[in-house]
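**Q** Just dropping this structure here.
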């Protein structure tokens, strides 16, 4: 299996959008109060800005075709006397094409992203996950992530 990881380019928009759309469809189904379907679920200008961004990275996992992608933002904590300064890699998005799920490729990709975060001197890798997404929670827990905080809501 000839897998490789590379930084995405603007030319990868269609492939990334296709995988991202799969993830968005699940979110739309589970949280219709928050998400709605649209012809374009990943704005091309937004994607281009990510590619050009100084503090953002988009990576692809490929094997003859894109299998998975991630969008990362590199952040430094706000300097405040009560906070310890940290460099954080925030995973804005992580998606594996549905035809490749359950084959260990997402774990391999995620592990490489953790290694990338270490090489740039990050103190942690963080992400958000919806409570309904039990499969994703199990996946992230299997990758040694722990719950750091919770965001709660009351629907009115």
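Numbering (the working numbering), first residue to last: 776 to 931. The beta-carbon is built from N, C-alpha and C at its ideal position, and this holds for glycine as well. No experiment lies behind these values; they were computed from the predicted model shown.
#1: Check the C-beta distance from residue 800 over to residue 907 and give it rounded, since I have them as a contact under 8 angstroms.
#2: In angstroms with no decimal places, state the Cα-to-Cα distance between residue 861 and residue 919.
#3: Go through the segment 802–867 residue by residue and report every complete run of the beta strand (DSSP E) that reaches 3 residues or more, in order.
#4: Do residue 794 and residue 884 have their C-beta atoms within less than 8 angstroms of each other?
#5: My guess is that residue 848 and residue 834 are in contact by the Cβ rule of under 8 angstroms, so how many angstroms apart are they, rounded?
#6: Under 8 angstroms Cβ to Cβ from residue 830, same chain only, skipping five residues before and after it: list those, please.
#7: Find out if the Cβ-Cβ distance for the pair residue 863, residue 901 is shorter than 8 angstroms.
#8: Could you tell me the distance, in whole angstroms, from the CA atom of residue 822 to the CA atom of residue 931?
#9: In angstroms, rounded to a whole number, what distance separates the CA positions of residue 810 and residue 898?
#10: Thinking C-beta only, is residue 842 closer than 8 angstroms to residue 871?
#11: Using the beta-carbon count (16 or more within 10 Å), is residue 866 buried or exposed?
#12: Looking at the secondary structure, which residues open and close the beta strand (DSSP E) in which residue 781 lies?
#13: Considering only the alpha carbon of each residue, which of 790, 869, 787 lies closest to residue 886?
#14: Sort out for me which residues DSSP pairs residue 870 with in a bridge.
**A** Taking the structure as given:
#1: Not quite, the Cβ-Cβ distance comes to about 14 angstroms (not below 8 angstroms), so this is no contact.
#2: Answer to the nearest angstrom: the Cα atoms are 19 angstroms apart.
#3: Annotation: the segment 802–867 contains the following complete segments of the beta strand (DSSP E) (minimum length 3 residues), in chain order: 831–837, 841–851.
#4: no
#5: Residue 848 to residue 834, Cβ: 13 angstroms. No contact.
#6: 848, 849, 850
#7: yes
#8: Their Cα atoms are separated by approximately 33 angstroms.
#9: About 32 angstroms.
#10: yes
#11: buried
#12: First-last of the beta strand (DSSP E) with residue 781: 779–782.
#13: 869
#14: 844
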